[in-house]
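Chains as they are written, first to last, in this note's numbering: chain Y, 1186 to 1564; chain L, 5 to 270; chain F, 3 to 332.
Every residue, glycine too, gets a C-beta built ideally from N, C-alpha and C.
Please read the structure below before turning to the comments.
Right under this line is the structure:
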């Protein structure tokens, strides 16, 4: 059992860390305060291969492995959670799905530009009535000659505003539930595909979270991903892998919380001493560090299993569950360590606190993760 | 066209003062948790080389004198665009002064093969003697221009732009030429693409020793160093800044002007 | 004749401040080593500088004239200096810590098989060994190093704007030694094609009594127009930190810091400059430093005497007004 990173994984981490510190972190405050989509950064990330880390180079990706993806996600998230989510949606939810289930024509047409950052993707599964209960799809799809017609509403779609391509899930027949779901690649600008609302969120302010409407939206038959009725499986397999990205993101946010806590604890003086010399603070820091390390190792292991082509459903769920709850705890403690300053917008603690919270909810709530883990153990 | 870039791996010079410590025994900076990086101006030099490669199809070789950790820096150079990398890892070089290092570099460059351009950073991010480029040019008996920010190749002639006190100069040079690179907006070090990092990680980097280079041992190491470093310390600074207050920036500025007048500075 | 040899430089018909700083340093060395001070002056026609050099403390002047020495060219200067040193046999050669000196220093040291000392800010005799030792900044200005040459001669570059320049004294004279250098065009490996001036207010950064400087916080080239106006009102020069020159907002020759210029004005105004040690290394000779920055934790406030936390543009704009008023009323 080897615990170390390979040489290329280490070089990877160095480069991404450097990039994150110099290009991503300086913008994070502004991205959050003004709700700006970090356009320039996303383009730079595309050029470097960060938008398709584990996609092979012949399909426009960086040709790296999932451990490298987890490393890259952590380093970017450490600098700016919003930027990291843009990256994870593109990598895990779209590029990965296309790579696994796409036809050669679809890969040439969409995967290459997605993985190289020339196109941005979004994942449209959630609906007002179908969140954790993803198989309760209400969006309908009907065949009309060589075209599929979509009708329905999707919500909580990350990146929808800026995305060029959406992976949309719809059912041929509602009573069929999971068995009727199909997946479609829908280009932005297709008539009948409109964004009806851009939500105001607590955190991840640099990404858009939208309600989307499909009204007689006609999609070419060639844009069906996989088979009819295979959609639910595609969604589940994709989310499985997506959990690794979110786990890594949560580790990054938690690490950022630890970073600022260490810095502040050494500088802030109370009772004639830096607060880092007080046991109460030391214990908080130690607990944070232990949990972050554990979350990181769980994440790497899930990534490693995926790289080996082994089943990783349970491990991804464990990583996502533990890392996201760690991020929330770490961010809460970081805010506490900062005292009154933690509550001010001038300081980064509050942003981490707000950004961390969603990791326990999206891409499978902690409750769903617990069900997945239990199911794996009991069956 | 063949370009050699000499790079040095150093402790990240951007670490805050709180993490900067000197080991009183070795009289050098303690690495601690600080990362190792390519010396910043060397990274600019690499960028200039890679741009010339992209424009004129040159071959770029990165050479470094260092230790085991230096392999990572050379891999980084490969992933940014160097075609080959060479490490000179010779324990007997420890304690060498800049003349000793330049001598070893010169022998390595000669062994690597004929080249048209040799690029270095204009100063290292740590010790900053700014001496190695000059010594290297003398060892190789070639032309040398310092503080070069841009290099152009026109009809086999090399024209460099270099920064001087009141502006810049355009200098034409015969090859082979050694240029010590300084930074401007055209040569900011690029980030390596992830796929290139993957490819570089697989490359073999030859490691040369004194015997491979035929080094005269009398010219290297602490024994040959002409300068003895007797002390390195962090100076203690007293600071007393009078902060000027006010309700508006305009008020603060007016007070500043008055204070400067008081001090007879304006 | 052992002694200290100084490379004297000239500009616009006068000895540069760099030359006077080196001469002052050489005179101090004379006190310590009890060896005479010589100055080397290179150019096409340099006779007029000889009496000036005597007046500022040179005991000997090596007058070196050759058409190829008109204007600095690396190979020509190193060949000439080498020949001068073979004649003069100096113990210590002092060169200015400018672009030319930094290029020449190691090259000359190599040819003389001398010890090279870079960018010293001070020197003394070590009590214990009786040897000369030099103090220099290192690690980007974060630390000081004390170095001792193990063998003579020593070729050293002096950090500019650190030593007080030598003063002129009446009735000083000395020995003029004419040096005929053997120098041919074929020995020159580079050729100057063109020189472009880039000074903002026409005032040399190294000589200015007031310097107005901008950094990353200025956010772009337009901001520097405001700083230029302030500099014009105060009759000063404009400089910049490395962040600004790397971003291409202003020319690299405006950079103040370890890689760029060293300045020692009466007043240094730093706008939107964080105060990285390698920048501070370039302004340590300033008599008064004023810093304006939005970040109260910026390191520049640890070296400034006067500070304002606030938006640099609003403050600089208002400062222009206030200064104009003050200068009008006086």
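Residue nearest to residue i in terms of C-alpha spacing, selected from the options
i, options, result
"residue 1494/Y", "1426/Y, 1343/Y and 1439/Y", "1426/Y"
"residue 1393/Y", "1192/Y, 1190/Y, 1270/Y and 1517/Y", "1270/Y"
"residue 63/F", "80/F, 177/F, 146/F and 206/F", "177/F"
"residue 104/L", "87/L, 226/L and 131/L", "226/L"
"residue 1465/Y", "1453/Y, 1522/Y, 1246/Y and 1290/Y", "1522/Y"
"residue 61/L", "6/L, 224/L and 121/L", "6/L"
"residue 97/L", "254/L, 239/L and 220/L", "220/L"
"residue 241/L", "219/F, 301/F and 240/F", "301/F"
"residue 78/F", "90/F, 318/F, 218/F and 183/F", "183/F"
"residue 117/F", "174/F, 136/F and 312/F", "136/F"
"residue 270/L", "327/F, 59/F and 216/F", "327/F"
"residue 136/L", "162/F, 143/F, 155/F and 105/F", "105/F"
"residue 34/L", "45/L, 41/L, 15/L and 47/L", "15/L"
"residue 1471/Y", "1444/Y, 1370/Y and 1422/Y", "1444/Y"
Limits of the beta strand (DSSP E) - the one that residue i falls within
i, result
"residue 146/F", "145-151"
"residue 1329/Y", "1325-1329"
"residue 290/F", "290-295"
"residue 44/F", "39-45"
"residue 68/L", "63-69"
"residue 1382/Y", "1378-1383"
"residue 227/F", "First-last for residue 227/F: 223-236, but that is the alpha helix (DSSP H), not the beta strand (DSSP E)."
"residue 10/F", "6-10"
"residue 1397/Y", "1394-1405"
"residue 79/F", "Looking at the DSSP string, residue 79/F is not in any beta strand (DSSP E); the run it does join, the alpha helix (DSSP H), is 76-90."
"residue 1275/Y", "It is not in any beta strand (DSSP E) - residue 1275/Y carries neither H nor E in the DSSP assignment."
Whole-number beta carbon distance between residue j and residue i, since they are thought to touch under 8 Å
i, j, result
"residue 201/L", "residue 1197/Y", "6 Å"
"residue 1541/Y", "residue 1438/Y", "5 Å"
"residue 1238/Y", "residue 1390/Y", "Not quite, the Cβ-Cβ distance comes to about 24 Å (not below 8 Å), so this is no contact."
"residue 1399/Y", "residue 1378/Y", "6 Å"
"residue 239/F", "residue 207/F", "5 Å"
"residue 1554/Y", "residue 1505/Y", "6 Å"
"residue 147/F", "residue 19/L", "Incorrect: roughly 18 Å between the Cβ atoms, too far for contact."
"residue 1509/Y", "residue 1551/Y", "7 Å"
"residue 92/F", "residue 22/F", "No, residue 92/F and residue 22/F are not in contact; Cβ-Cβ is about 19 Å, not under 8 Å."
"residue 185/L", "residue 140/L", "That pair is no contact at about 13 Å."
"residue 166/L", "residue 151/L", "5 Å"
Beta bridge counterpart(s) of residue i as assigned by DSSP
i, result
"residue 33/L", "26/L"
"residue 125/L", "185/L"
"residue 1286/Y", "Looking at the DSSP assignment, residue 1286/Y forms no beta bridge with any residue, so it has no partner."
"residue 308/F", "246/L and 292/F"
"residue 197/F", "173/L"
"residue 247/F", "Residue 247/F pairs with nothing; no bridge assigned."
"residue 1193/Y", "Residue 1193/Y pairs with nothing; no bridge assigned."
"residue 161/L", "158/L"
"residue 122/F", "138/F and 160/F"
Endpoints, the alpha helix (DSSP H) within which residue i is located
i, result
"residue 74/L", "74-84"
"residue 155/L", "No alpha helix (DSSP H) contains residue 155/L, which is instead part of the beta strand (DSSP E) from 147-158."
"residue 241/F", "Careful: residue 241/F lies outside any alpha helix (DSSP H), inside the beta strand (DSSP E) at 239-242."
"residue 48/L", "44-60"
Beta-carbon proximity of residue i to residue j, cut-off 8 Å
i, j, result
"residue 122/F", "residue 158/F", "yes"
"residue 1306/Y", "residue 1326/Y", "no"
"residue 1432/Y", "residue 1480/Y", "yes"
"residue 1317/Y", "residue 1339/Y", "no"
"residue 205/F", "residue 65/F", "no"
"residue 291/F", "residue 306/F", "yes"
"residue 193/F", "residue 175/L", "yes"
"residue 77/L", "residue 68/L", "yes"
"residue 93/L", "residue 211/L", "yes"
"residue 90/L", "residue 112/L", "yes"
"residue 86/L", "residue 9/L", "yes"
"residue 163/F", "residue 265/F", "yes"
Any non-hydrogen atom of the ligand GDP within 7 Å of residue i CB
i, result
"residue 1417/Y", "The ligand GDP is absent from the structure shown, which contains no ligand whatsoever."
Counting only Cβ-Cβ distances shorter than 9 Å, please list the residues of the segment 180-208 of chain L near chain B, keeping chain order. Looking at the structure shown, chain B is missing, and the protein chains on hand are Y, L and F.
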